[in-house]
Amino acid sequence: MEAIALTNHELEIEDVEYLRHGDKPLLLRLLKPSGQGPFPLIVQLHGGAWCRGDRTNDTAINEALARSGVVVAALDWRMPPVAPYPAALADINYAVRWLKAHAGDLRSRPELFGLLGNSSGGHQAMLAAMRPRDSRYSALPLPAGAPQIDANVRCVVMCWPVIDPLGRYHYAKNLKKRGGSHAEFADRVLPSHDQFWGSEEAMAEGSPTRALERGERVELPPALYIQGTADMAHPKPDRERFVESYRRAGGHVELELFEGEAEGFIGRNANSPNAARAMDKIIDFVHKQLC
């Protein structure tokens, strides 16, 4: 495959209100590369077990991607305890449509959009991409006069995603029963699962892996799946089931594993060889899919 020549762009960074619920504004952080464009646009979703974090997370990934010539829109959205599932998916769906409606102002085009997410954000990126026209997710209307446009995207990048929330929930419960060094991880993530989902039935319904396994008709954009081999927060069997099911359904997914790395390795040590190689994979994938 031919290498892509990339320019190291200067960046303009600003926070923009994209949606308001009552008196609560929701912001996105725009990272815009210098130049005329049109540039691809990636909507970026932070991790935090669905209940923590904001648009200022994942600076290393977002800035590196933007400097390569991609507009990055890093989102805030509603979270528990105020807004459990599917509120976050509705905000994300709205943000994609809102950004498409403003694509020209951002030196992009509506057909050049993708999603990227880390951990729980990786889960939400894939779920949003698979169900862009789900009536629950698309329930928030754009302002009057906005173009009629859906939240379909052309690619998804997932870094260590919680690709099966119910599978990870059972995994964490088993770790808690066993005790030892991993019990602290279970104590951290189990309450977040409960707050966001409310029930195991909802975890199953909102699982990309289980949606594929039950034969749900979904969109299957090309996907890049990045994970470290020492990641104990996102179970290997869940990853394997998803990749197998996605490919069986006709989707294209590139799986990139990084030896000895745990979750969050790109942001934790951005100058390491594995982090640099992972960023190269992300940048190359996005440009090949969207340029």
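Just so you know, we're using the numbering used here here: the sequence shown kicks off at 92 and counts up by one.
Even for Gly, the Cβ is constructed at its ideal location relative to N, Cα and C.
Computed from a prediction, not measured in an experiment: that's the story for all the values here.
So, under 8 Å CB-CB, leucine 257 and arginine 305 are touching, yes? Tell me the CB distance rounded to an integer number of Å.
Their Cβ separation, rounded to whole angstroms, is 12 Å, which puts leucine 257 and arginine 305 out of contact at 8 Å.
At a cut of 8 Å, does the region 359-374 reach the region 230-237 through at least three beta carbon pairs?
no
Would valine 173 be called buried (16 or more neighbouring beta carbons within 10 Å of its own) or exposed?
Burial check for valine 173: the Cβ neighbour count within 10 Å stays below 16, so the residue is exposed.
Limits of the unbroken alpha helix (DSSP H) element including isoleucine 373:
364-381
Decide if alanine 94 is buried, meaning its Cβ has at least 16 other Cβ atoms within 10 Å, or exposed.
The pLDDT assigned to alanine 94 is 45, lower than 50, so where the model puts this residue is not dependable; a value taken from the coordinates is nonetheless given after this. Burial call: exposed.
Contact set for leucine 100: own chain, Cβ-Cβ below 8 Å, skip 5 residues either direction
In the sequence under discussion, the amino acid at residue 100 is histidine, which differs from the leucine named in the question. Only Pro124, Ser125, Gly126, Ala157, Arg158, Ser159, Gly160 meet the Cβ criterion.
For the putative contact between leucine 180 and glutamine 215, defined by C-beta atoms under 8 Å, what is the C-beta separation to the nearest angstrom?
7 Å
Just confirm the distance between the C-beta atoms of glycine 213 and tryptophan 168, as a whole number of angstroms; I'd bet it's less than 8 Å.
Going by Cβ atoms, the distance from glycine 213 to tryptophan 168 rounds to 15 Å, so no, they are not a contact pair.
Classify alanine 321 as buried or exposed, calling it buried when 16 or more other Cβ atoms lie within 10 Å of its own Cβ.
Of the other Cβ atoms in all chains shown, fewer than 16 fall within 10 Å of the Cβ of alanine 321; this residue is therefore exposed.
Can you check whether the CB of glutamate 354 is closer than 8 Å to the CB of serine 210?
yes
Let me know if glutamate 103 comes out buried or exposed under the rule of 16 or more other beta-carbons within 10 Å of its beta-carbon.
Glutamate 103 comes out exposed.
For cysteine 250, which residues does DSSP report across the bridge?
Asn209, Ile317
Can you have a look at cysteine 246 and say buried or exposed, based on whether 16 or more other CB atoms are within 10 angstroms of its CB?
buried
Taking the C-alpha atoms as reference points, what is the distance between arginine 259 and methionine 221?
20 Å
Could you give the first and the last residue of the continuous beta strand (DSSP E) run that contains alanine 165?
162-166
Between isoleucine 183 and leucine 166, which are expected to be in contact by the criterion C-beta below 8 Å, what is the C-beta distance as a whole number of angstroms?
7 Å
Helix, strand or coil at arginine 111 according to DSSP, with G and I counted as helix
Correct three-state label for arginine 111: strand.
Which value, in whole angstroms, describes the spacing of the CA atoms of arginine 330 and arginine 188?
29 Å
Where are the alpha helix (DSSP H) runs, 4 residues long or more, that stay fully inside the region 183-240, in chain order?
211-221
Could you tell me how far apart the beta carbons of valine 163 and serine 199 are, in whole angstroms, since I believe they sit closer than 8 Å?
Contact flag wrong, Cβ pair sits at about 11 Å.
DSSP state of glutamine 286, grouped into three classes?
helix
Looking only at C-alpha atoms, which of Ser363, Arg359, Lys327, Arg308 sits nearest to alanine 340?
Arg308
Excluding five sequence neighbours on each side, which residues of the same chain lie with their C-beta closer than 7 Å to the C-beta of arginine 224?
Asp241
By alpha-carbon positions, which one of Lys264, Arg111, Ala194 ends up nearest to leucine 121?
Taking only the C-alpha atoms, the option nearest leucine 121 is Ala194.
Starting from valine 334, follow the beta strand (DSSP E) in both directions and report where the run begins and ends.
Looking at the DSSP string, valine 334 is not in any beta strand (DSSP E); the run it does join, the alpha helix (DSSP H), is 327-339.
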